[in-house]
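Protein chains: 2
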Amino acid sequence: MNNQRAVIIGAVAAGGSAAFKIKRINPEMEVKVFEADQFFSYAACGLPYYISDVIKDYSSMIMRTEKDFHAGAGAELYPRHRVNELDLDRREILVESLAENKQKKYPFDQLLLATGASPIMPRFEGMELEGVFALRTLKQGLSLKDFARKKDVRKIVIVGGSYLGLELAESFRALGKDVRLLEKMPQVMGSLDPDMAGLLEDELQHKGVVLHKNEALLGFEGDAKGKLRKAVSTRSSYEADLAVVALGVKPNSELAQNAGIKLGAGGAISIDRRLQTSAPGVYSAGDCAEAYHLILKQNVYLPLGTTANKQGRIAGENMCGGNAVFPGTLGSAVVKVFDLLAARTGLSEKEARANTIPFDSVTIKSLDHAAYYPGSRPLHVKLIFNPADGRLLGGQLVGSEKGVKRADIIATAISAGLTAGDLGEVDMAYAPPYSRVWDPLTVAANAAISKIRTAY
Amino acid sequence: MNNQRAVIIGAVAAGGSAAFKIKRINPEMEVKVFEADQFFSYAACGLPYYISDVIKDYSSMIMRTEKDFHAGAGAELYPRHRVNELDLDRREILVESLAENKQKKYPFDQLLLATGASPIMPRFEGMELEGVFALRTLKQGLSLKDFARKKDVRKIVIVGGSYLGLELAESFRALGKDVRLLEKMPQVMGSLDPDMAGLLEDELQHKGVVLHKNEALLGFEGDAKGKLRKAVSTRSSYEADLAVVALGVKPNSELAQNAGIKLGAGGAISIDRRLQTSAPGVYSAGDCAEAYHLILKQNVYLPLGTTANKQGRIAGENMCGGNAVFPGTLGSAVVKVFDLLAARTGLSEKEARANTIPFDSVTIKSLDHAAYYPGSRPLHVKLIFNPADGRLLGGQLVGSEKGVKRADIIATAISAGLTAGDLGEVDMAYAPPYSRVWDPLTVAANAAISKIRTAY
């Protein structure tokens, strides 16, 4: 497999990880990486904190520089190069240099589609108005920060109450703005169950965010100069100097689709466990691709940075002739909302129901450390499990940073196929500033065991 | 099994847990609890923080009051009642009321020995001097705090650099005292490997604790009034207004031994997996008893509050005719040393070596959250694993609170029999204030996999 030509489309999480992995395994392999953006390999998850000025210098969010790609890894990076066409028969791509406005063909033996995702932007009225933003790329982050920091920008409307929407609510409040958040569903954070999401809603309102649930955006209205003035919803209309549409993302899978590659869950590029697409030698990884779900045992569309990085490495290994398999996602995720964090892993009740998987759940309230040691904070723990055998299916936590870290314990337990009983028996560490003698997770596991014993 | 007479000796962690468990399972059972101390069911782990005044009111550390025992659980509590003799043939105990100076016999059908442990106090010269303390009970904590807060108490010598010694070093520095810590071994915290313990030593010295390793106490010298003046070591002698001997604990197993009950590891009361001693119907739990070790698959002496509480519940269940089994300890523990926490679980390298268990290890340094998000702190992670199959044997972490919480993830992984490879595949949650895209534990697991692949 030496001296083959590998081409990677996209240089952010998955693409970058793949390029570096290939060069580590096989330094002789030629690796070309094409990226349409001028920025690449940056931590998009940091953008809300850049907006709020918690992160002052955007360059700190850049994970790999052009020099890292070239001198460090020996990969050839082409920033501001957009891939317009993929020809599977000739095994070549048509690439446009955005700086020079020229097109050129590049051949490949192994190809990785790591084209990422784009914000979902429905065709609302007024989307083109000055002051209406999406936030996905670093470039968008720079513009949004400049605009938000203007003194005459007072009233901000956020459309969508998922991860990004909630993080931005905190960011804009930190800048002293009036913040209104519209969510068309009856709860924020659809990946949590309503009871846990409710705790975040309380925190948002407590921190001065005006929350509008069950209320969808209809469009925006502007003034004669094309500047945003109002956001119009299904219930009312609100003055707005700035609006961010944060309705999630959709996979950038057009290039693959136009080449005849099969799409799958959520319109993402369909892949096997080795991350190969329907075209031999063509792989896909990251936010443009599906991910195998560990519990559902099928591919889903669940774009997350952690998955993108892991898939990138696996794709890189397989492009070198490897046989690595993506182990599977649990949709593990965490979000900070002012002074609360919410973490989740595995299936929510809603997801279990939608997949007709039998489940039961318990929710307990405890503290993140000993009650008598100052500074303890409430910790809410929810466990979702199979009522027949107690096998863990999911977990959700709301509380402090150290409190919700237990989501990763639950993820580990689910990966290992543990039951609530097994989890309750784990010997966890204790000291007053750190936890409780009966760890909140042990308490939740014991509650699950009791419920199983009583009910069945 | 109704209406039997259960007697419990000791009302702190194990004894209290057992009493409440019995009454929950079988409210008809007669439960008498004898406790020599006037205080009972208090959180001894909080004492160092009571000394430093981080915890101002000692009553907040009392977990269960006399009323909880009586009115709440329906158990009869006898505080200040010392059990002087156990007669297995007659199945009765001889109890002395310390208030009334009277002795009385009580019969039992089921007995629990939860007599706890006492500080190891070698027969050093001058142990009787005013100003020489041990710290185990709440009563000792009250005296020590009173004494330490005196203005003329400036120079403090702590003998022993394990959990309690390190916590007290922090407490006394918080009170503005000069603190010297003597440790006869070449490292503090013998339950950690030297590399990880070294990080704690740096922190101690950085915070102004004068650390003397490889230096043992020989004795104390006092003045004519019997007041402590000096601590004399194998190397020198040091002025001291106060000294605390913190050399660990030994099980209170004399009562059992005198009754002919078998002792085991470390002189603790020998028990089977159901926590029954060599005498039928007589159980033991907590710091006076052995604990089954999950990896070593044999009983060890590893007194920890978490184990005491769990064993207490299991003993209670079995005293009601149950068949519960103590799942096993991993020696999971955590200690706060000023601004650092150190957590450990499973076997250290030293323990693996002592038990001739094949092992290898990796240590990585990472951060507890994204580098570009303010406030990230170093996190050191060590994994110990079987070099043949990668199965996890132990883990040690030094860093921030939320950082070292990963010890419980490792404990869960060990309990489930996971390999480093399995751990590396777990889908952990990520957000910039919470972790890193590549969780430090994933990085450590991947380092272990690389080492296994390269070496074997």
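Those protein sequence lines, which keep their order, are chains G and F.
Under the working numbering, residue 468 is the last one in the first sequence; the count climbs by one each step, no gaps.
Under the working numbering, residue 468 is the last one in the second sequence; the count climbs by one each step, no gaps.
No residue lacks a Cβ here, since even glycine has one placed at the ideal position from N, Cα and C.
Straight-line measurement puts the Cα of F:Y313 at about 5 Å from the Cα of F:A277. The beta carbon of F:A271 lies closer than 8 Å to those of E97, L98, D99, L100, A291 in the same chain, with the five residues before and after it left out. With a beta-carbon spacing of about 17 Å, G:C332 and G:L125 fall beyond the 8 Å limit used to define contacts. Taken atom to atom, the span from the alpha-carbon of G:A186 to that of G:S64 is near 6 Å. No Cβ of chain F is located within less than 8 Å of the beta carbon of G:E329. With respect to F:G293, F:Q122 sits close: the two C-beta atoms are nearer than 8 Å. In the structure shown, F:S130 adopts extended strand secondary structure according to DSSP, grouped into three states.
The stretch 132-147 of chain G and the stretch 311-325 of chain G do not touch, with fewer than three beta-carbon pairs separated by less than 8 Å. Setting aside the 5 residues that flank it on each side, F:G128 is surrounded in the same chain by G22, V24, N264, G298, D299, C300, each with a C-beta closer than 7 Å to its C-beta; the list follows chain order. Annotation for F:N264: no beta strand (DSSP E) segment contains it, and DSSP assigns it neither H nor E. Taking a 10 Å sphere around the C-beta of F:R192, we find 16 or more other C-beta atoms and assign the residue as buried. The beta carbon of F:A457 is closer than 6 Å to those of A432, L435, G436 in its chain, skipping five residues each way along the sequence. Relative to F:K33, the option among F:G86, F:E233, F:K68 whose CA is nearest is F:G86.
For G:Y61, the enclosing alpha helix (DSSP H) covers residues 59-63.
The DSSP-derived three-state label of F:V455 is helix. For F:A85, there are no C-beta contacts with chain G under 8 Å, since the nearest C-beta of that chain is about 17 Å from it. Straight through space, the alpha carbons of F:R356 and F:L204 are spaced by roughly 7 Å.
In this structure, F:I426 keeps its C-beta atom at 8 Å or more from the C-beta atom of F:L395.
For the stretch 63-76 of chain G, the residues whose beta carbon sits under 7 Å from a beta carbon of chain F are, in order, V66, I67, S72, M73. At a cut-off of 8 Å, the C-beta of F:V244 has no neighbouring C-beta in chain G. Along the length of the stretch 368-430 of chain F, whole beta strand (DSSP E) runs at least 3 residues long occupy 372-379, 390-397, 404-411, reported in chain order. In this structure, the alpha-carbon of F:K262 lies about 22 Å from that of F:S155. The secondary-structure analysis by DSSP pairs G:H93 across a beta bridge with G:S109. Residue pairing by DSSP places G:R365 opposite no residue, since no beta bridge is assigned to it.
Chain-ordered, the chain G residues with CB closer than 7 Å to the CB of F:I421 read D420, I421, T424.
Of the residues F:V257, F:H93, F:A209, the one whose Cα lies closest to the Cα of F:F232 is F:V257. Straight-line spacing of the CA atoms in G:K417 and G:V347 works out to 12 Å.
Taking 8 Å as the threshold, the shortest C-beta distance from G:Y446 to chain F falls below it.
In terms of beta-carbon proximity, F:N321 lines the interface with chain G, with at least one pair separated by less than 8 Å. Look at the stretch 168-198 of chain G: the residues with a C-beta under 9 Å from a C-beta of chain F are Y175, E179. Less than 8 Å separates the beta-carbon of F:F120 from that of F:V19. Here the stretch 440-448 of chain G makes contact with the stretch 374-390 of chain G; the two share three or more CB pairs at distances below 8 Å. Against chain F, the beta carbon of G:Y384 has neighbours under 7 Å at A55, G58, I67, S72, M73, listed in chain order. If the five residues before and after F:Y61 are omitted, its C-beta is found closer than 6 Å to the C-beta atoms of I67, all from its own chain and listed in chain order. Using a Cβ-Cβ cut-off of 8 Å, G:Y61 counts as an interface residue toward chain F, since at least one Cβ of chain F sits closer than that to its own.
The continuous alpha helix (DSSP H) containing F:Y175 extends over residues 175-186.
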